[in-house]
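Protein chains in written order, with the working numbering: chain A, 1 to 344; chain B, 345 to 688; chain C, 689 to 1032; chain D, 1033 to 1376. Quick reminder that beta carbons are idealized off the backbone N, C-alpha and C, glycines included. Quick caveat: nothing in here was measured; it's all calculated off a predicted structure. Worksheet for the structure shown next.
Protein chains: 4
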Amino acid sequence: MINLRNDYSEICDPSILDALKRYAYEPNDGYGNDSHSIKAANIIKERLCDKDCDVHFLINGTGTNKTVLAHILLPYQAVIACRSGHVSVHETGAIESTGHKVLTCEGVDGKVTVSEIEAIVKEHNNEHMVMPKAVYISDATEIGTIYTLDELKSLHEACQRLGLYLYMDGARLGVALTCRQNDIKWRDLTRYLDVFCIGGTKNGALMGEAVVICNESLKHDFRYSIKANGSMYAKGFVAGIEFTELFTHGRYTRLASHANAMADILRQAFIENGIPVAYQSVTNQLFPVFCHADIEKLKKDIIFEEMGPSDHDHETVRFVTSWATKKSDMDKCAAVLKDIMQGK
Amino acid sequence: MINLRNDYSEICDPSILDALKRYAYEPNDGYGNDSHSIKAANIIKERLCDKDCDVHFLINGTGTNKTVLAHILLPYQAVIACRSGHVSVHETGAIESTGHKVLTCEGVDGKVTVSEIEAIVKEHNNEHMVMPKAVYISDATEIGTIYTLDELKSLHEACQRLGLYLYMDGARLGVALTCRQNDIKWRDLTRYLDVFCIGGTKNGALMGEAVVICNESLKHDFRYSIKANGSMYAKGFVAGIEFTELFTHGRYTRLASHANAMADILRQAFIENGIPVAYQSVTNQLFPVFCHADIEKLKKDIIFEEMGPSDHDHETVRFVTSWATKKSDMDKCAAVLKDIMQGK
Amino acid sequence: MINLRNDYSEICDPSILDALKRYAYEPNDGYGNDSHSIKAANIIKERLCDKDCDVHFLINGTGTNKTVLAHILLPYQAVIACRSGHVSVHETGAIESTGHKVLTCEGVDGKVTVSEIEAIVKEHNNEHMVMPKAVYISDATEIGTIYTLDELKSLHEACQRLGLYLYMDGARLGVALTCRQNDIKWRDLTRYLDVFCIGGTKNGALMGEAVVICNESLKHDFRYSIKANGSMYAKGFVAGIEFTELFTHGRYTRLASHANAMADILRQAFIENGIPVAYQSVTNQLFPVFCHADIEKLKKDIIFEEMGPSDHDHETVRFVTSWATKKSDMDKCAAVLKDIMQGK
Amino acid sequence: MINLRNDYSEICDPSILDALKRYAYEPNDGYGNDSHSIKAANIIKERLCDKDCDVHFLINGTGTNKTVLAHILLPYQAVIACRSGHVSVHETGAIESTGHKVLTCEGVDGKVTVSEIEAIVKEHNNEHMVMPKAVYISDATEIGTIYTLDELKSLHEACQRLGLYLYMDGARLGVALTCRQNDIKWRDLTRYLDVFCIGGTKNGALMGEAVVICNESLKHDFRYSIKANGSMYAKGFVAGIEFTELFTHGRYTRLASHANAMADILRQAFIENGIPVAYQSVTNQLFPVFCHADIEKLKKDIIFEEMGPSDHDHETVRFVTSWATKKSDMDKCAAVLKDIMQGK
């Protein structure tokens, strides 16, 4: 079977396990106060060309979104997010569980627009409604699209003007920054965002996300928020070793590029075989549309998620490639698609 | 330097890294719905001699306490805990952050007593005060003591009588169950507790805790609570592989026994050298008391935590042994103690 | 000036002040444990033809919604509500502040439909999303419409089938039950709802809402929830005296009927003068649409709220009548509308 | 029967009902944006000799404590309070329900001491524990004692030095400021406190508390916190009228002085009859100690609360006088006490 279920199906890049083994018995301070964590933070700051940001390592994705938003919002403040945003739907109310409303907008291509932000801020103009104070975006988005540098700049400018923090969930930042259509550079991130995270889990790490705080006023006491939200590693050095490994010799971007390249093979197969897609993804998540019968055929060879009906006869499915996807599997997958579309 | 700072200073038992490496590229379902997690849960149920309990794997200790208590308490209900209990002090208000008061009692030897529980329940008898609904105990306790089977039975009986859930934080369950003075067996746990956890992080795992729910009425929808509290692994199979490894061939208890054996060497050294201890620990955390000058000397050879003054001239320190502690280090440590106490 | 701003602009029906004065020096037990509160609860139960429901008096509307939903939902559960529902927009995130997501649907005429509920329940089918557990409806709705008995029965049946609680915010229950188009009777309420409230504040009371719990499983410990949510009267007897007064000699419905009758005069004026309305309200809130110039003219004689543009040239405004509205004012208002629409 | 149960047993000073009746039909803006509320705020500012503080009117006591603390604390911050403090025990976890731990200290005579604050701040020195950020005091305290000006200044100085906010719960501020032993003046309050409230409910108002924010940095957006916490009046003008009435012609202090004078009669009777007291109250709450048999006799004539055993044979009870207590009742009460103590 070819696995296209998601990009966190496999343990991690073996280099990380090698590194962990190398340090298996080395005693370290706990809770991220260790030399590996400090080193990893410094390497990341260097990559971002920004010595002044703060870098913290948190255990997982939901914990990261929850911790960051709980940290930056006052009790009566809310975050604006796309309806398809991870915090809007897929976190079992983790944001609300910290007391904050998620104000949703429709978005365009899975992306929040400036005019939507302006409309929400305009509507929420008194104390009988929550006060919008942050904008949540994800890059790549939940449907595989990415923000352009111009879009990022416009969001930044709008947030500055409206007194909002701009937070980017970078659970899939690797595939966003390394895809062909991208024009955002690492060094743009700390300039245009107040906070963001660099995803490990979906980019070949064992687990963990790096949170980068750029806005000076948000830096204070973040470790209290990490701990209170249950997002702190006891063995912080595990994350330190991981992220050092990932950000040395360009491994992080190499793993992401591989995922994108594998997705390109599928994208090409869609075009060649006239398979429509539900969203114009440019990264490692693909959303082809098939008739029900073809989906049953696909299941014989491929593991994937079904996303629900696109019309009466058709359904959207999700194919996800990753750092671990093999080219031979993608070639097989292309052949399967060809056979199915040719009615074999 | 000899490291006695804590029992989560080293990455993990190498056998776990070997197992992770063995499965590095194996595709698995996410979020704990994988065969490794199911297998690990079954092995643990077998160890507990209880097929009916539910076993879940959560990311870390604070997250575990927070998730369990948020799951079992209604908004106006509170948990009773020892003043020295981990949830009372050392979790940055994580329990309160889910809306619940921690009702503290003094405890005896770091353990909650039946009469304290009774007194708190008696006091909190109307709707102007929180309603006590759970009792938090830890075994081993935060000061290294353990519950006897009789104490556990009495707490169980009291909780049943008073309508309280009994939750045991087993972050250090390994050293509790394997220490010489212990008379609680694995199979007693599901009989006398409503919920408990089996700690991985402090017993040689990379990270993670196994939560065991015994009370039928508390089992429903626990995965919702795990997710909402940010305590769910995306790569649940990592925990599955870990706990399978730990609970195969008695590794979990072997690692714990080692930690206890290493502590015994120190305990013996305390006796031989007339070093008083602040608490009668029987497990891997030791609390010797030294004068200030001796503490300065200790720092040259040993890494440890200072716990504050015991009287004007003396201070309590904490020595913690672990699965990773080397016997040669303990012998050296004993020698250092001897030298210092003989005024060398 | 004619006041049409809202239905809580005036202190209260003078009979309530008379009753309060009558008992000014009478000593009473606090917190609702007094004879007046018990009497008021009994009168309400009689009115509802249901001896088995529980009746509690809470201080205000937002507190009531917050307390009820915090009481009936588990931490990972959510409430379904119309986008225009009071809990969705106008409570500054009070529901989210207790940890719960409000799942919004579009609604039809300000009312939640069965098919919307079904769609939301169908979508939220696993632990990565919140679990819908309650439906919030308001009668009259925020746009002046009301539920029919058939609609209420259908919602009840759907909620039973889907395992949801049905909660009705009756902040404006008086005008709903007494308007001409209504076919729901008091005795239907406890049959088809799990919880509801009977609004005092907007129906001539000084302040306060009566919460009625019909579902046996939701009754326990509600007073703990009232207190913890800050919604408990110290002087509960004030509410007891108020609601006794309101539910004696049909005063509650008489005050509501008056508000509806006053609204009818305006509705008639809209028809006679060809003034369109944004929503087909049948109760005491009216939403006429005017061009900008006419709105400026209206402001000379009438106090009202502006609801935002309906198209480029027109705006919707809100006229609210109440128990305190004078017929002479409504006649004047009709004359003003006539003059304006005739271009005078 | 003589009522000594509490100081919120009677509706309110009749002058307030008269004022409410005077304005019964006057239309007003909602939510505290009315002329009465503005006037009341100004009168209070004048009384405080401070034009710069902000004054808000909230519905009730628990709501006030909850709203203020939720407003001034960040999620990981905690409030220090006396074990006997209202927020520590008697609010059903309302503070914890907003996510904050209450750090309790023993106190002396029901009052928090500087050295206790210093010890708590010293202990809580890293991110594994909550961060103390506010101190809660009540004046008069829950056991009837009061702070001296020197104590208040010392607390202020300590809080400034340690970076803590000082919040005073003035639910019984009236009896504190008007009792013979008091040397704090109204104008001292805004100088030495960051926030405080002036209690209405327990000093003759129908309901409601005035919150005064003195610290500039805490003023912003407080109305959002009031609303989100369910503590906002729809009919804010009711509070406006009440507090205008109370703070005109010295009525607030006159009502409080009366309560104190009534308590003095009882205090004198305790001395004359050799009745010991549990706490050295100087205000309107008294805590005499009786043997069980005498308590049974007292119950024939007096309504009061029992506070639990003081030793094997004796019990502490609570006698509370109020604005509504009649002198003739106190004389009768003194006679009853005399008879009982003389064994009649």
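What does residue i reach in chain D if we use C-beta pairs closer than 8 Å?
i             : result
residue 221/A : 1106, 1108, 1159 and 1163
What does DSSP give as the partner residues of residue i in its beta bridges?
i              : result
residue 138/A  : 169/A
residue 1143/D : 1140/D
residue 635/B  : 658/B
residue 653/B  : 659/B
residue 673/B  : According to DSSP, residue 673/B bridges with nothing at all.
residue 774/C  : Answer is none; residue 774/C lacks a bridge partner.
Taking 8 Å as the threshold (beta carbon to beta carbon), is residue i in contact with chain A?
i              : result
residue 780/C  : yes
residue 1260/D : yes
residue 1282/D : no
residue 777/C  : yes
residue 644/B  : no
Strictly under 8 Å for the Cβ-Cβ distance: is residue i near chain C by that measure?
i              : result
residue 569/B  : yes
residue 1038/D : yes
residue 1098/D : yes
residue 1064/D : no
Does DSSP put residue i in a helix, in a strand, or in coil?
i              : result
residue 1308/D : coil
residue 157/A  : helix
residue 214/A  : coil
residue 1235/D : helix
residue 268/A  : helix
residue 302/A  : strand
residue 1196/D : coil
residue 751/C  : helix
residue 1123/D : coil
residue 10/A   : coil
residue 146/A  : coil
residue 472/B  : coil
residue 57/A   : strand
Below 7 Å on C-beta distance, what does residue i contact in chain C?
i             : result
residue 199/A : Per Cβ cutoff of 7 Å: no residues; residue 199/A is ~17 Å from chain C at best.
Residue i versus chain A: which residues are under 7 Å apart at the beta carbon?
i              : result
residue 365/B  : 14 and 17
residue 1102/D : 75
Could you work out which residues of chain C lie near residue i, taking near to mean beta carbons separated by less than 9 Å?
i              : result
residue 1058/D : 697, 698 and 699
residue 1239/D : 747, 895, 921, 922, 923 and 926
For residue i and chain B, any beta-carbon pair shorter than 8 Å?
i              : result
residue 927/C  : no
residue 1352/D : no
residue 215/A  : no
residue 262/A  : no
Does residue i get closer than 8 Å to chain D when you measure Cβ to Cβ?
i             : result
residue 376/A : What is shown of chain A runs 1 to 344, which leaves residue 376/A out entirely.
residue 923/C : yes
Using a C-beta to C-beta distance shorter than 9 Å, which residues of chain D count as neighbours of residue i?
i             : result
residue 443/B : 1125, 1128, 1129, 1130 and 1131
Could you name the residues of chain B that residue i contacts, counting a contact when the two beta carbons are closer than 8 Å?
i            : result
residue 62/A : 571, 574 and 576
Strictly below 7 Å CB to CB, what residues from chain D border residue i?
i              : result
residue 1051/C : Nothing about residue 1051/C can be read from this structure; chain C reaches only from 689 to 1032.
Run down chain B in chain order and give the residues with a C-beta less than 7 Å from the C-beta of residue i.
i             : result
residue 266/A : Chain B residues near residue 266/A: none, gap ~17 Å exceeds 7 Å.
(request) Could you name the residues of the stretch 662 to 688 of chain B whose beta carbon sits closer than 7 Å to any beta carbon of chain A, in the order they occur along the chain? (result) Here the close residues are 668.
(request) Please name the residues in the stretch 610 to 630 of chain B whose beta-carbon is closer than 8 Å to at least one beta-carbon of chain A, in chain order. (result) From the stretch 610 to 630 of chain B, no residue has a Cβ closer than 8 Å to chain A.
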